[in-house]
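Visitor: Sharing a structure with you now.
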Amino acid sequence: EMKKYILSILLLLILAFTFTGGPSAWQEQSMPYLGGRIISDITFTDSLTGYAITGDGTVGDTNYVLKTTNGGNNWNITTTLFKDLSRIIFLNNSTGYLAGGFNSSPGRYLAKTTNGGDSWDTIETPDAVRINDIAVLNENYIWILHAGINYTVLRTTNSGLNWIQQYSSLSPLNKIYFYNNNLGFFCNNSTLWRTTNSGQNWNEVPGELGYRDIQFVDSMTAWKANIFLNDTNFRKTTNGGVNWFVQKLPSGGMITTSSGIQKFSIINKDSLWGSGGAIRLPDNSLRGILFLTTNGGNNWKYQIPDTSYKIPVFTSIKFINKNIGWSYSQYFDPQQGLVVVKGIHTTTGGDTTFLSSLSQIGTLIPEEYNLYQNYPNPFNPTTSIKFKVQSSKFISLKVYDITGKEITELVNEQLPAGEYEYKFNGSGLTSGIYFYSLFLDNKIY
5 EMKKYILSIL
15 LLLILAFTFT
25 GGPSAWQEQS
35 MPYLGGRIIS
45 DITFTDSLTG
55 YAITGDGTVG
65 DTNYVLKTTN
75 GGNNWNITTT
85 LFKDLSRIIF
95 LNNSTGYLAG
105 GFNSSPGRYL
115 AKTTNGGDSW
125 DTIETPDAVR
135 INDIAVLNEN
145 YIWILHAGIN
155 YTVLRTTNSG
165 LNWIQQYSSL
175 SPLNKIYFYN
185 NNLGFFCNNS
195 TLWRTTNSGQ
205 NWNEVPGELG
215 YRDIQFVDSM
225 TAWKANIFLN
235 DTNFRKTTNG
245 GVNWFVQKLP
255 SGGMITTSSG
265 IQKFSIINKD
275 SLWGSGGAIR
285 LPDNSLRGIL
295 FLTTNGGNNW
305 KYQIPDTSYK
315 IPVFTSIKFI
325 NKNIGWSYSQ
335 YFDPQQGLVV
345 VKGIHTTTGG
355 DTTFLSSLSQ
365 IGTLIPEEYN
375 LYQNYPNPFN
385 PTTSIKFKVQ
395 SSKFISLKVY
405 DITGKEITEL
415 VNEQLPAGEY
425 EYKFNGSGLT
435 SGIYFYSLFL
445 DNKIY
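Basically the numbering used here = 1-based index in the sequence shown + 4.
Spelled out as structure tokens, the structure:
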């Protein structure tokens with residue numbers, strides 16, 4: 005039997021005027037043209053000093069180390085190497101480490117600076133073609149992922165004078181991380197390994213994929229962003245990485261289906277920022293979004309820190325405290341016809357406007373289905389749309405322009421009975437009148 009329930013009330017959405025320009029809490033920054041090279045890592049040591057490196061995991065390119073001394077307003081190339089650079093880590097304002105490989109012989113590359121990157125001294129390691137990643141606990145304890153005929157985990161306890169192999173694999177190993185001298189992790193795409201004795205023994209964590217980013221706030225509590233961009237399930241552990249559970253990110257509506265977190269930055273055990281998501285505007289263009297939680301990841305919201313800059317996604321993020329942070333990206337700019345590196349910087353904790361998309365605000369079973377007038381109306385650029393579902397239905401909430409053309413589908417999922425609210429963002433729409441309709445089980449069942 006075919007049953008259709010359509011609440012096609014077509015209530016008015018009046019967009020008072022177009023929202024233009026990014027919030028003043030974020031300022032645009034850019035790097036010099038890098039010949040299409042990709043930023044492989046970026047870090048900041050204080051409110052003024054930051055470092056970035058280029059490298060895309062392939063041979064044949066000269067790559068760069070860049071430095072800023074004024075909070076990212078200006079970046080300068082400080083070092084040029086015929087190496088593919090994978091990782092840069094600073095312990096303090098003076099002491100840092102740089103890793104990579106390929107290209108000029110010997111392939112693998114590990115170096116240390118004690119003068120803030122003005123010069124780099126090579127640290128000898130066993131022969132390999134590249135170092136994929138490093139974990140630096142202090143100047144003595146360093147772990148590296150060597151890429152050669154085999155992929156190996158190596159550790160030094162004396163600043164690189166001697167290296168001990170701790171693990172070997174025929175499959176590529178991507179990332180390594182140590183929280184303290186005992187607790188550490190490394191991964192490939194499909195497997196996560198864990199140690200609790202400084203790498204003397206490694207055990208697979210059942211059911212866990214590799215990660216793009218992993219960070220601990222204490223010995224028990226950590227988060228990780230999985231390796232695949234379309235994985236929108238952020239992970240958290242509260243038992244030192246033995247078990248991980250999913251924390252749902254905002255989704256649906258204008259948010260793209262691949263909006264998972266690529267990188268994140270921990271302020272404290274409650275507050276985290278994440279980069280990697282995007283919304284798709286009605287003109288089909290993308291705008292990067294930043295995720296934020298203030299309750300340890302139980303609930304996430306997001307903001308659109310940029311409309312005029314037209315940055316399609318933010319691939320890195322770093323906050324040094326609750327107020328000062330950066331987020332950067334590289335992307336192809338069709339107007340310039342080349343790959344550019346741009347970012348944003350805040351000294352006030354980002355914008356104050358956050359969105360949470362669809363949220364269930366009531367669990368009592370309503371007496372009927374209802375679709376309510378949006379509020380505020382007129383709006384600029386956000387408004388709330390509330391509706392009630394009497395029983396579990398497949399819900400579709402759509403927005404149309406004044407000619408009846410569908411602009412976007414905000415909700416497209418099975419929902420249990422209850423009351424819901426959708427935070428609609430009209431950024432990118434022209435001023436005018438819009439309509440929305442709620443469809444219930446517009447399918448065969």
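We put the CB at the ideal spot given by N, CA and C, even for glycine.
Have a look at Val403, Phe439, Leu276 and flag the residue whose alpha-carbon is nearest the alpha-carbon of Ala229.
Guide: To locate residue 229, count along the sequence shown from 1; it is residue 225. With distances taken between Cα atoms, Ala229 lies closest to Leu276.
Visitor: For Leu342, does the count of other Cβ atoms within 10 angstroms reach 16, so buried, or fall short, so exposed?
Guide: Walking along the sequence shown from the start, residue 342 turns up at place 338. Looking at its Cβ environment, which holds fewer than 16 other Cβ atoms inside 10 Å, Leu342 is exposed.
Visitor: Along the chain, where does the beta strand (DSSP E) that runs through Trp147 open and close?
Guide: Translated into the one-based positions of the sequence shown, residue 147 becomes position 143. Segment 146 to 151, the beta strand (DSSP E) holding Trp147.
Visitor: Give me the residue from Ser108, Gly76, Trp124, Gly104 with the minimum Cα distance to Ser98.
Guide: As a first step, residue 98 must be located in the sequence shown, where it is residue number 94. For Ser98, the nearest C-alpha among the options comes from Trp124.
Visitor: Mind checking which residues open and close the beta strand (DSSP E) that includes Trp330?
Guide: As a position in the sequence shown, residue 330 is number 326, starting the count at 1. 329 to 337 is the span of the beta strand (DSSP E), which, as asked, contains Trp330.
Visitor: Do Leu444 and Lys392 have their C-beta atoms within less than 8 Å of each other?
Guide: For the purposes of this step, residue 444 is taken as the residue at position 440 of the sequence shown. For the purposes of this step, residue 392 is taken as the residue at position 388 of the sequence shown. Result no, Cβ atoms of Leu444 and Lys392 do not sit closer than 8 Å.
Visitor: Please specify which runs of the beta strand (DSSP E), each continuous and at least 3 residues long, are wholly inside the stretch 375 to 403, giving them in chain order.
Guide: The stretch 375 to 403 contains these whole beta strand (DSSP E) runs: 386 to 393.
Visitor: From this set, Gly64, Gly366, Asp65, Val69, which residue's C-alpha is nearest Ala56's C-alpha?
Guide: Start at 1 with the first residue of the sequence shown, and residue 56 comes out as number 52. Here the closest residue by C-alpha is Val69.
Visitor: Need the endpoints of the beta strand (DSSP E) that Val450 sits in, please.
Guide: No statement about residue 450 is possible, as the shown extent of the chain runs from 5 to 449 and does not include it.
Visitor: With 16 as the cutoff for other CB atoms within 10 Å, does Met224 come out buried or exposed?
Guide: Position 220 of the sequence shown holds residue 224. It counts as exposed.
Visitor: Can you have a look at Asn207 and say buried or exposed, based on whether 16 or more other CB atoms are within 10 angstroms of its CB?
Guide: Residue mapping note: residue 207 aligns to position 203 of the sequence shown, counting from 1. That one is exposed.
Visitor: Between Leu375, Tyr332, Leu285, Ile81, which has its C-alpha nearest Leu294's C-alpha?
Guide: For the purposes of this step, residue 294 is taken as residue 290 along the sequence shown, with counting starting at 1. With distances taken between Cα atoms, Leu294 lies closest to Tyr332.
Visitor: Quick check: what's the CA-CA separation for Ser255 versus Glu371?
Guide: As a working mapping, residue 255 is identified with position 251 in the sequence shown. As a working mapping, residue 371 is identified with position 367 in the sequence shown. C-alpha separation (whole angstroms): 28 Å.
Visitor: Between the stretch 426 to 439 and the stretch 317 to 333, do three or more beta carbon pairs fall short of 8 Å?
Guide: At 8 Å Cβ cutoff, the stretches do not touch.
Visitor: Shortest alpha-carbon distance to Gln251 belongs to which of Ile231, Trp227, Ser269, Met258?
Guide: Along the sequence shown, read from residue 1 onward, the residue named residue 251 stands at position 247. When each option's Cα is compared against that of Gln251, the closest is Trp227.
Visitor: Around the Cβ of Ile265, are there at least 16 other Cβ atoms within 10 angstroms (buried) or fewer (exposed)?
Guide: What you label residue 265 is simply residue 261 of the sequence shown in a count that begins at 1. The residue is buried, with at least 16 neighbouring Cβ atoms inside 10 Å.
Visitor: Assuming contact is defined by CB atoms lying nearer than 8 Å, are Ala421 and Gln377 in contact in what I supplied?
Guide: If you number the sequence shown from 1, residue 421 lands on position 417. If you number the sequence shown from 1, residue 377 lands on position 373. Their beta carbons are not under 8 Å apart, which means Ala421 does not touch Gln377 by this criterion.
Visitor: From which residue to which residue does the beta strand (DSSP E) around Glu32 run?
Guide: Here residue 32 is taken as the residue at index 28 of the sequence shown, counted from 1. Where Glu32 is concerned, the enclosing beta strand (DSSP E) stretches over 31 to 34.
Visitor: Applying the 10 Å Cβ sphere with the 16-neighbour rule, what's the burial state of Tyr37?
Guide: Here residue 37 refers to the residue found at position 33 of the sequence shown. Answer is exposed; the Cβ neighbour count stays below 16.
Visitor: Taking only three categories from DSSP, how would you classify Asn67?
Guide: Reading the sequence shown from its first residue, position 63 is the one you call residue 67. Of the three classes helix, strand and coil, the one that applies to Asn67 here is strand, per DSSP.
Visitor: Which of the three DSSP states is assigned to Gly26 in this structure?
Guide: Residue mapping note: residue 26 aligns to position 22 of the sequence shown, counting from 1. Annotation note: pLDDT 42 at Gly26 (below 50); position unreliable, no value reported.
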